[in-house]
Structure formats: C-alpha cells, structure tokens
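*Asks:*
And the structure:
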C-alpha cells in the first residue's frame, strides 16, 4: 500500500511544456495512436503508453467485444462488465467466449501493427453479495489473464488476490475518501474516483474535492470519472492530480455500442439538463436520461427513492431487468453531437487534449 502524498515520476510529468504540446496528433492509421509526450513510468505497465490517458468505462448492456476492441485499437483502454456476457441456461459461459474473441482480435492487430499496438482491456466485476456469478467469473478472468480488473460495489481481498494471481491489477470504484481507504486496505492497486456528474452509479462530491482528499494520502494510480467527455476535461483531470480519465457516456453514441438507436440519438441530442439523479432503479444513486424516464411513464422530477437492499444482480442470466429501458448517462453528454465510430470519439478527445495543453503551455510561457 502507498500512503504518501508524494507522487511518483518526475517533475516533467506535472509540467506543461511548449515542446511537449506543440504539435497536433497524427491521424494516419499507422501513426495516430502514438502517445503524446508524458512521463507515465510511475504507473503499472498496463496503464502506460496510451494514446491519451483514458479508460473507456464499462457500460451496462452497452459494452460488448466490438466496442472494447475498437476502443483498444484506437489507443485507449476499453472495458466491459463481466455481467454483460449473459448466456442462456445450460450454454457455455459467454464471458469465456468474449475474452477469447477480444484477446485473439487484439493479438492479430498487434502482430499486424507492431509499431502501433492496441491498448490493453479491462473487465469490471460487480462484487456485491447478490452477484451469484462472481466466483465463476473470477476464475474465467484469471484463466484468460485479464490485465486490468475494475471492481465495483464492494472491496474484497479474495477478488484482488484473483487478479494478482494472473498478473493483473485492480482499480476500485469509489465515491468518497472513506471507501477509497477501505479499497486500498483490502489490496486494490488503484482507484476510480466516481465524482458528481458521472453516468450510471455516481457520487455526489465535486471532483476537485474528491481527488484532493485522495491525493492527500494515496500516490498510486488514480482515475477520475464524472463528465470526462472532452479533451479539455481530461486535461483538467490530470491537472487536478488524476493519472487518467474515465469516460463512458461519449461511447454510448457509437456504431459499436450495444444500444438502441433511440438511446444513442438521445445522447447526441442531450445536455446536462437532461440528466436526472435517482436511486430508484438500482437502489444506488445514479444519473439517467430524463427522456427515458418519461418514456417509461414516470415523472423524472418526482421519483421515489430506493435503498441499497433492493439491489440485486442475480445470476447474470439472459432474462432482462425491469429497468432495462431506463438509460444511464452522465452530465458530459453535451459534448456528443452525433453518432459515429468509437475511434472518432478517441480522435476528438485526443485533438482537444493536445489543443488544450498547447493553449495552456502558451499562457504559462508568457
């Protein structure tokens, strides 16, 4: 465990220099994924060398192999919830099939593009006691040597040990500093600070406050979630002290996402004013699209609340949940203007990230 307020790396990692930001990212198929100059040597190997310091977050139902593969090939870490892989009773575990597909496709890409390898991928494990599939899914992920494990709704040592047994690292979702300390004490390697404005299950704390409190004692890998839908927001997260951003909603409106066309368009047409924060649908407070709540016949401004006892992830069967038509999204959706390929989202964020850094570098140089 690392309980220090001194960051790893060199001073250059925290200084915007004109030389480091003075060019736009290349866009050819063979060169566009070259990471921009920064020192990420203090991070675990799986988090180093990305095109931009970004993890595409695991999205309920939406994140499928096609999306994860596209994200990784574009140069950012793609991820999916293990529970998205839902097979019918008696069938071979779909999670095993998905992991084989992802590993084989990324291996083919890397062999064909040795100078432009894909980013690694991550699998999200719901650690809540109602997840009857957890033990089975841990075994499958360990067998496939999943490099990055994202854990949510519970910090358990045996889950972290399973990840470490195959050389993986664990990043744990937290919404406050108390949960952050608990996660690290249980053996997590890093943290995902889920601040106000994040899509789906989200906290209520300002990202400025949350990151600062965590960085007061923890110098390990820290990701920030909460309206990270632009390169400017990603750069701001880095300036705050986060190592990487964690973006989800921008990838819903993509060709590869497993979402209804109406859902994708609602993202592209929406803004922060279209987001409603409620605990009704899962028992844990989260952000959802106002239009989807209205379409379900409910008043988004007068929703009853629910407590955590109503949360139930079951056995991950193919049977749909009653709230499947309620669509999650974060407050950053105003940055999404159209539906397109996932690589286009990464291109846009990378362009904005470079441009914002160059702009600030010029100001600091004056």
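In the working numbering, the protein residues as written are 25 to 390. By construction, the Cβ of each residue, glycine as well, lies at the ideal position given by its N, Cα and C atoms. Here the structure is a predicted model, which means the values were calculated and not measured.
Let me check understanding here. Comparing Cα to Cα, which of 243, 287, 124, 318 lies closest to residue 362?
*Replies:* Residue 287 is the option with its Cα nearest to residue 362.
*Asks:* Got a sec? Which residues, its chain only, sit under 7 Å from residue 328 by beta carbon, not counting five neighbours each side?
*Replies:* Hits under 7 Å: 304.
*Asks:* Pull up the DSSP beta-bridge partners for residue 249, would you.
*Replies:* Answer by DSSP bridge pairing, in chain order: 218, 270.
*Asks:* Quick check on this structure: which residue in 184, 262, 209 has the alpha carbon closest to the alpha carbon of residue 166?
*Replies:* Comparing Cα-Cα distances from residue 166 to each of 184, 262, 209, the minimum goes to 184.
*Asks:* Can you say whether residue 388 is buried or exposed, counting buried as having 16 or more other CB atoms within 10 angstroms of its CB?
*Replies:* With fewer than 16 Cβ atoms within 10 Å of its Cβ, residue 388 is classed as exposed.
*Asks:* Do the region 231 to 241 and the region 319 to 327 make contact, defined as three or more Cβ pairs closer than 8 Å?
*Replies:* These segments do not touch.
*Asks:* Candidates 91, 142, 298, 376: which alpha carbon is nearest residue 18's?
*Replies:* This structure cannot settle anything about residue 18, because the visible part of the chain is limited to 25 through 390.
*Asks:* If we count the other Cβ atoms within 10 Å of its Cβ and call it buried at 16 or more, is residue 191 buried or exposed?
*Replies:* Flag for residue 191 reads exposed.
*Asks:* Which residue from 172, 170, 194, 168 puts its Cα closest to that of residue 180?
*Replies:* Looking at the Cα atoms, 194 is the closest of the given residues.
*Asks:* Between the region 347 to 367 and the region 211 to 226, do at least 3 Cβ pairs fall closer than 8 Å?
*Replies:* The region 347 to 367, when compared against the region 211 to 226, does touch it at the 8 Å Cβ threshold.
*Asks:* Could you please give me the residues that DSSP links to residue 476 through a beta bridge?
*Replies:* As displayed, the chain neither begins before 25 nor continues past 390, which places residue 476 out of reach and without an answer.
*Asks:* Give the DSSP-derived three-state secondary structure of residue 278 in the structure shown.
*Replies:* Note: residue 278 maps to strand in three-state DSSP.
*Asks:* Based on the DSSP secondary-structure assignment, which residues constitute the bridge partners of residue 195?
*Replies:* DSSP, once it has assigned bridges, lists 174, 214 as partnering residue 195.
*Asks:* Taking its Cβ as the centre, do 16 or more other Cβ atoms sit within 10 Å of residue 154, making it buried, or is it exposed?
*Replies:* By the 10 Å Cβ count, residue 154 comes out exposed.
*Asks:* In terms of residue numbering, what span does the beta strand (DSSP E) encompassing residue 147 cover?
*Replies:* 145 to 150 is the extent of the beta strand (DSSP E) around residue 147.
*Asks:* Counting only the same chain and skipping the five closest in sequence on each side, list residues whose C-beta sits under 7 Å from that of residue 68.
*Replies:* The residues are 193, 213, 245.
*Asks:* For residue 331, count neighbouring C-beta atoms within 10 Å of its own C-beta (all shown protein chains included) and say buried if the count is 16 or more, exposed if not.
*Replies:* So residue 331 counts as exposed.
*Asks:* Tell me whether residue 324 sits in a helix, a strand or coil according to DSSP, three-state version.
*Replies:* In the structure shown, residue 324 sits in coil (DSSP, three-state: anything other than H, G, I, E or B).
*Asks:* Which of helix, strand or coil does DSSP assign to residue 388?
*Replies:* Reduced to three states, the DSSP call for residue 388 is helix.
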